[in-house]
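Novice: Before I ask anything, let me first share the structure, which is written out below as C-alpha cells.
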Amino acid sequence: MSAEMGLKNWHRVLDGGSDPAALAEIIREDAVFHSPVVHTPQTGRAKVVGYLAAAGVVLNTEAFRYVREFSDGNQALLEFVTELDGIQINGIDLITFDDAGLIADFKVMVRPLKAINKVWEMMGAQLAATAGS
Numbered sequence: 002m003s004a005e006m007g008l009k010n011w012h013r014v015l016d017g018g019s020d021p022a023a024l025a026e027i028i029r030e031d032a033v034f035h036s037p038v039v040h041t042p043q044t045g046r047a048k049v050v051g052y053l054a055a056a057g058v059v060l061n062t063e064a065f066r067y068v069r070e071f072s073d074g075n076q077a078l079l080e081f082v083t084e085l086d087g088i089q090i091n092g093i094d095l096i097t098f099d100d101a102g103l104i105a106d107f108k109v110m111v112r113p114l115k116a117i118n119k120v121w122e123m124m125g126a127q128l129a130a131t132a133g134s
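Using the numbering used here, the first residue of the sequence shown is number 2, and each one after it goes up by one.
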C-alpha cells in the first residue's frame, strides 16, 4: 500500500517540475540515493533532493516518459525512456517507500553505455551549477 501512495506523490512532484521543496516533502530524512555513475550511495534528504532535482532538470525533457511501472508492498520499479543530445536513454527507477509512503531508497540504473556517459556529463554540469548558485 505504501508504494501506491508514494508513487502518487512521486508522479505529482515530477509533473510539477521536481521542485526541491516538493521533493523534500516526500523523502525521508535518512533516505539513500544510488546513482548509476557515482560509486558510493548518497545518504540524507538534502543529498537525495539534490540528485533528484538535478535529474529532473537533465532527464525530464519532452522525450521523457515512464513506459512500465510495477509495485509490490513498499517497492516500486519504474522503467523510463528519454533522449539527450540524440542519445536514446533507457533506465529504471527502483524506489523503496516507508510505511508512510515516503521515499527511503532510490536507485537509478541507465543503459546503454553511451547513455550513462551522457547522463554523467550532464548531471555533473547540473550539480556543479546548482552548487554554485
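Using N, Cα and C, we set each Cβ at its ideal position, and we do this for glycine too.
Tell me which same chain residues have a C-beta within less than 7 Å of the C-beta of Phe65, skipping the five on either side of it?
Specialist: Phe81 and Thr83
Novice: Hey, out of Glu122, Gly125 and Phe107, whose CA is closest to Thr44's CA?
Specialist: Phe107
Novice: Answer with buried or exposed for Asp20, where buried requires no fewer than 16 other C-beta atoms within 10 angstroms of its C-beta.
Specialist: exposed
Novice: Let me check one thing: in DSSP terms, what residues is Val111 bridge-paired to?
Specialist: Gly92
Novice: Taking DSSP's pairing of strands, which residues face Val82 in a bridge?
Specialist: Arg66 and Asn91
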